[in-house]
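Reading through the C-alpha cells given below for one structure.
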Amino acid sequence: MSLSNLKRNGYTILTVIDAKQIKEYYKSERKTMYIVDDVCGNFTANQARLDEWKKSKTDIEEILQSGNCKLVLTCRLQVFQDQGFENLKTFKTCICNITSTDLSLTYEEKEQMTTEYFGEHAIKALAQLVKYDFLPLLCKLYLVLRNDRQFKLEKFLNEPFSFYEEDLTCMKNDCKEGKYKYCALLLLVLFNNKLEEKHLTGKDPKVEKIIEDIIKNV
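Be aware that the sequence shown starts at 151, since it is given in the working numbering, and climbs by one per residue.
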C-alpha cells in the first residue's frame with residue numbers, strides 16, 4: 151500500500167500530530183489517510199501523549215470503522231514496546247516492524263529513499279550508507295542538518311556513527327526512562343547482545359563493576 155496508490159484511489163493524505171487533529175480534519179464523505187510520526191514520543195513513551203490517545207480511543211475507532219479512513223502511526227521499537235501501548239489495541243491491528251528480516255528495506259527501496267532525501271548527492275550517499283540498517287534515521291538526520299553552516303556532507307557519509315551518537319545522547323537526556331533504556335543498550339553492547347538474567351542477578355564481581363561504571367557515568 152503506497153501513498154501514490156492511495157492518491158490514485160481518491161485518498162487525501164494528511165500528516166497530523168495527535169488524535170485531536172484527526173477528529174478536527176475528519177470528513178465522513180472524504181477518503182483520508184492520516185499519518186502520525188513518532189506517535190507517543192521520540193525516544194521513550196510520553197505518558198501524556200499515551201493518555202490523550204486513550205481518551206480519544208473510542209472516537210478514533212468510530213472514524214476508522216466508517217470505512218473511508220486509514221491511519222498509519224510510526225514510532226521507534228522501544229517506544230512501541232512500552233507497557234502503555236497495551237491498552238491501545240487499535241494501534242496493533244497491523245504491525246510492520248521494518249527491522250525484521252521480512253520487512254527490511256530492499257536495495258531498490260534504499261535507492262529510492264536516498265534519491266528522495268539526498269537529491270544530487272544520492273549516488274554517493276547510497277554507496278556509503280547502503281550497508282546500514284538505520285538508513286532511514288540517517289536520511290532524517292540529513293534533512294535536519296543539511297542547512298547547518300557547519301554541516302559537512304563528506305563527514306556525514308564517512309562517519310555516520312558520530313551523528314548517530316548524537317541521537318543516542320538525546321535518548322539519554324530525554325527523561326529518566328530514557329536513561330534506563332540507554333543503560334540497557336550499553337549492557338547489550340558490552341555483552342555482545344547476549345545479556346542473560348544471571349548476569350544481572352548473580353554476584354559476578356566483573357559484571358557488578360561494569361554495571362556500577364555505567365550507572366556512574368550516565
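Where is the CB? At the ideal position from N, CA and C, for every residue including glycine. What you are looking at is a predicted structure, and each value in this text was computed from that prediction instead of being measured.
Reduced DSSP secondary structure (H/G/I, E/B, other) of residue i
| i | result |
| --- | --- |
| T224 | coil |
| I210 | helix |
| V189 | coil |
| Q171 | helix |
| R296 | coil |
| I245 | coil |
| K157 | helix |
| F306 | helix |
| T194 | coil |
| Y176 | coil |
| Y257 | helix |
| Q278 | helix |
| D232 | coil |
| S250 | coil |
| F268 | helix |
| D201 | helix |
| S216 | coil |
Residue j beta carbon less than 8 Å from that of residue i
| i | j | result |
| --- | --- | --- |
| L164 | K207 | no |
| A195 | D232 | yes |
| L279 | P310 | yes |
| L223 | F241 | yes |
| T264 | L253 | no |
| L221 | Y184 | yes |
| L307 | K274 | yes |
| L295 | F301 | yes |
| I248 | L255 | yes |
| C320 | F235 | no |
| K322 | Y332 | yes |
Pick from the options that is closest to residue i, judged by C-alpha positions
| i | options | result |
| --- | --- | --- |
| T251 | E266, K260, D283 | D283 |
| K181 | D187, Y292, A275, L153 | L153 |
| R199 | V229, K274, K322, L253 | V229 |
| V189 | L255, K204, I361, E358 | K204 |
| P286 | R299, L303, F268 | F268 |
| E270 | L303, L255, L295 | L303 |
| S312 | L288, E346, R299 | L288 |
| G217 | E179, E346, E202 | E179 |
| F341 | K329, G328, K356, Y330 | K356 |
Opposing strand residues paired with residue i [DSSP bridges]
| i | result |
| --- | --- |
| Y184 | L164, L221 |
C-beta neighbour in chain E for residue i, strict 8 Å
| i | result |
| --- | --- |
| C320 | Absent here is chain E; the protein component of the structure consists of one chain. |
When you compare the region 208-219 with the region 171-187, are there three or more beta-carbon pairs, one atom per stretch, that lie closer than 8 Å?
yes
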